[in-house]
Amino acid sequence: MAFFFFENETIHSFLLHLGALEYLGAFLAGIMFTSTFTVALSMVILLILAENLNPIHIGIIAGVGAVLGDLLIFRFVRDNLYNEIKDVYNNFGGNHLRRVLHTKYFSWTLPVIGAALIASPLPDEIGISLMGIAKMKTYQFVILSFLLNSVGIFLVISASAIVKP
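In our numbering, the protein residues as written are 4 to 168.
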């Protein structure tokens, strides 16, 4: 899909001109901030937007966009992925693995590691998957995703302002 985006001239031109859309561009860049294939392009767009717009506003609006992208992945992982891998899971120690995942020492680590991955500028898929596996409630995920993505985007934009010559 990433190859298609960059080879299709119309889509390529649209992605390059998202910066001209100001806050709508920040929202769309936030959606792209969650995917492995588009995170680098998203960061470029956000950094271009930060030259003329308020970094706090960009963080909030792009954070809302990132929640939308994250929510699509989260719902897929939580609702559909288990059904896809259920047979493999059951054949390779499903009961033992289930007991390990639900111990009081291990059950909190999946959401914590997932939150750290979402807050970082790294793609969110692995962090979202960990939260989906941990059976986090959707409303908790939305709040956490918004806070982590907004702060992460704001920190990336702020760091670029500090490093800028």
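All residues carry an ideal CB built from backbone N, CA and C; glycine is no exception.
What does the alpha-carbon distance come out to for the pair Ser-163 and Phe-36?
Position 160 of the sequence shown holds residue 163. Position 33 of the sequence shown holds residue 36. About 16 Å.
Host alpha helix (DSSP H) of Asn-152 (start-end):
What you label residue 152 is simply residue 149 of the sequence shown in a count that begins at 1. From DSSP, the alpha helix (DSSP H) with Asn-152 extends over 141–166.
Could you have a look at Ser-38 and say whether DSSP puts it in helix, strand or coil?
Locating residue 38 in the sequence shown gives position 35, where the first residue counts as 1. Three-state DSSP puts Ser-38 in coil, outside helix and strand.
Can you tell me which of Gly-62, Ala-69 and Glu-54 puts its alpha carbon nearest to the alpha carbon of Val-42?
The residue labelled residue 42 in the question sits at position 39 within the sequence shown. Nearest C-alpha to Val-42: Ala-69.
Count the other C-beta atoms from every protein chain shown that fall within 10 angstroms of the C-beta of Leu-27, then say buried if there are 16 or more, exposed otherwise.
To locate residue 27, count along the sequence shown from 1; it is residue 24. Note on Leu-27: under 16 other CB atoms within 10 angstroms of its CB, so exposed under the neighbour-count rule.
Among residues of its own chain, excluding the 5 on either side of Glu-128, which ones have a beta-carbon nearer than 8 Å to its beta-carbon?
Here residue 128 corresponds to residue number 125 of the sequence shown, with the count starting at 1. Counting only Cβ-Cβ distances below 8 Å, and skipping sequence neighbours, we find Thr-37, Ser-38, Thr-39 and Ile-76.
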